[in-house]
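What follows is a set of notes on a single structure, which appears directly below.
There are 2 protein chains.
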Amino acid sequence: MVKRTSFEGDSCPIARSLEALGDWWSLLIIREALFGVRRFGEFQSKLGMAKNILSTRLRSLVDHGILATAPASDGSAYQEYVLTPKGRGTFPILVALRQWSEAFDDHPEEIATILVDREKGRPVKKLEMRAEDGRLLSPADTTLKPRPAPRRRSA
Amino acid sequence: MVKRTSFEGDSCPIARSLEALGDWWSLLIIREALFGVRRFGEFQSKLGMAKNILSTRLRSLVDHGILATAPASDGSAYQEYVLTPKGRGTFPILVALRQWSEAFDDHPEEIATILVDREKGRPVKKLEMRAEDGRLLSPADTTLKPRPAPRRRSA
DNA sequence: CTTGTGTGGTTGCATCATAAAACCATATGC
DNA sequence: GCATATGGTTTTATGATGCAACCACACAAG
């Protein structure tokens, strides 16, 4: 097989997520969708990407349950692409990417926008990793454990 | 230009981060590096990827300041690839990807590992977005603001 | 010093994905 | 009915990917 290697069967959850949204465009399409974009042409003009690729990506995102097609909305008999809960669940990923750029980009002055708390207009805090009891965790405070075997009902 | 479109000049921080780590392998290489992998052959055998592509990706990650080459470490006169602070800063991104899989994957039973608090052995909490004052924020509670103009010193 | 072996890559193709533009189908406006 | 906008698909060229083979260097044994 010379195809791009698929991570579908991989047991690593990071690889599995990249299978769905690890290409050049998917996360940007989701970003636009989170801003309320729903129509093919709107995605295409805002992202400036080729229409065939947009078409492929939208289909892939629908197949992965990240977007769903809705029959219409404003009367016109066309199709719309709306985020599913799974799609909206990518929000922390986008925030993490944004914060990484804000923290480490070599030219942060080129970043045009900041994510703020709507109520106060102040930047949101950096994402933090915490234990169940609320302790702040650094990467070194964490480790990987094998997943417990699936619990079979009765025996 | 028929090349893969570059997001380098884009003003969106998400696009900018994808420029550095938005391809199929970079985040997985970083994942291994966070586990302590440093040598070419070790990356290659653990990830099962072609060596030329690994070579290209490592160079790209070094160029982006995510990895750095260290002259040696165990005496053998070869090179090592170690994460920079910028590279270690991707940790929240990987956690976000992992948690998204854990929450939304269609076959979660295939996920082999869980990320736990090393001290207690309990799963880490989901990443939360909070305001400066600690209020928990949903996506709808946030908005984007234009970045304030760069502050020039004196005038 | 020569041979062998392991590590760390680079080079050559064959194949796949991507991109731009042209084309097409359906709606909508006039 | 005709022009035009929307929402795509098809065509074709080129870049990226994947596999295998090859090469360079270090080190060790003979």
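If you read the protein sequences in the order shown, they are chains H and S.
Take the first sequence: its position 5, counted from the start at 1, is 5 in UniProt numbering, and no numbers get skipped.
Take the second sequence: its position 139, counted from the start at 1, is 139 in UniProt numbering, and no numbers get skipped.
The C-beta atom is built at its ideal place from N, Cα and C for all residues, glycine as well.
Contacts that ALA33 of chain S makes with chain H (C-beta to C-beta distance below 8 Å):
Going along chain H, no residue has its Cβ under 8 Å from ALA33 of chain S, so there is no contact; the nearest lies around 11 Å.
For the segment 105 to 126 of chain S, which residues have a CB atom closer than 9 Å to at least one CB atom of chain H, in sequence order?
For the segment 105 to 126 of chain S, the beta-carbon criterion of a distance under 9 Å to any beta-carbon of chain H is satisfied by ASP105, ASP106, HIS107, PRO108, GLU109, GLU110, ILE111, ALA112, THR113, ILE114, LEU115, VAL116, ASP117, ARG118, GLU119, LYS120, GLY121, ARG122, PRO123, VAL124, LYS125, LYS126.
Cβ-based contacts, 8 Å cut-off: residues of the segment 9 to 43 of chain S near chain H
Residues passing the 8 Å Cβ filter: GLY9, SER11, CYS12, PRO13, ILE14, ALA15, ARG16, SER17, LEU18, GLY22, ASP23, TRP24, LEU27, LEU28, ARG31, LEU34.
Where in the UniProt domain "HTH hxlR-type" (12 to 109) of chain H do unbroken runs of the beta strand (DSSP E), each at least 3 residues long, occur, reported from the N-terminal end onward?
Scanning the UniProt domain "HTH hxlR-type" (12 to 109) of chain H from its first residue to its last, the whole beta strand (DSSP E) runs of 3-plus residues come out as 67 to 70, 80 to 83.
Top-ranked residue by Cα proximity to PRO139 of chain H, from H:GLY22, H:GLU128, H:GLU132
Comparing C-alpha distances from PRO139 of chain H to each of H:GLY22, H:GLU128, H:GLU132 shows the shortest one belongs to H:GLU128.
Partner residues on chain H for ARG88 of chain S, Cβ-Cβ distance less than 8 Å
For ARG88 of chain S, the chain H residues whose C-beta falls within less than 8 Å of its own C-beta are PRO139, listed in chain order.
For a test of the three-state rule: what should DSSP assign to PRO148 of chain S, helix, strand or coil?
In this structure, PRO148 of chain S counts as coil in the three-state DSSP scheme.
Does the distance from the C-beta atom of ILE114 of chain H to that of ARG147 of chain S stay below 7 Å?
Their beta carbons are under 7 Å apart, which means ILE114 of chain H touches ARG147 of chain S by this criterion.
Taking 6 Å as the cut-off, is the C-beta of SER6 of chain S nearer than that to any heavy atom in the ligand ADP?
The ligand ADP is not part of the structure shown, which contains no ligands of any sort.
Does ALA103 of chain H get closer than 7 Å to chain S when you measure Cβ to Cβ?
Among the residues facing chain S, ALA103 of chain H is included, as its CB has a counterpart in that chain under 7 Å away.
Element boundaries [beta strand (DSSP E), containing ILE114 of chain S]:
Here the beta strand (DSSP E) through ILE114 of chain S covers 113 to 117.
Name the one or two DSSP bridge partners that PRO123 of chain H has.
Answer is H:VAL116.
Measuring CA to CA, which of S:PHE35, S:GLU109, S:LEU28, S:THR143 is closest to LEU54 of chain S?
Among S:PHE35, S:GLU109, S:LEU28, S:THR143, the Cα nearest to that of LEU54 of chain S is on S:LEU28.
Is it the case that the Cβ atoms of PRO92 of chain S and GLU102 of chain H are separated by a distance below 7 Å?
Taking a C-beta distance under 7 Å as the contact criterion, PRO92 of chain S and GLU102 of chain H do not qualify as a contact pair.
Contact set for VAL82 of chain S: own chain, Cβ-Cβ below 7 Å, skip 5 residues either direction:
Annotation for VAL82 of chain S: ARG38, LEU67, ALA68, ALA70 place their beta carbon closer than 7 Å to its own, counting only its chain and skipping 5 residues before and after.
Reference THR142 of chain S, options H:LYS125, H:ALA131, H:GLU132, closest by Cα:
Cα-wise, what sits closest to THR142 of chain S is H:LYS125.
Through-space distance from GLU19 of chain S to SER11 of chain H, alpha-carbon basis
Here the alpha carbon of SER11 of chain H sits roughly 26 Å from the alpha carbon of GLU19 of chain S.
Taking only the alpha-carbon atoms, compute the straight-line gap between ARG122 of chain S and GLY48 of chain H and give it to the nearest angstrom.
Going by C-alpha positions, ARG122 of chain S is about 45 Å away from GLY48 of chain H.
From the DSSP output, read off the bridge partner residues of LEU137 of chain S.
When DSSP reads this structure, LEU137 of chain S sits in no beta bridge, so it has no partner.
So what does DSSP say about GLU8 of chain H, is it helix, strand or coil?
Judged by DSSP in its simplified three-state form, GLU8 of chain H adopts coil rather than helix or strand.
Using DSSP with H/G/I as helix, E/B as strand and the rest coil, what is GLU128 of chain H?
Taken through DSSP and simplified to helix, strand or coil, GLU128 of chain H comes out as strand.
Output yes or no for whether 7 Å exceeds the beta carbon distance between ARG59 of chain S and TRP25 of chain S.
When the beta-carbon positions are compared, ARG59 of chain S and TRP25 of chain S stay at least 7 Å from each other.
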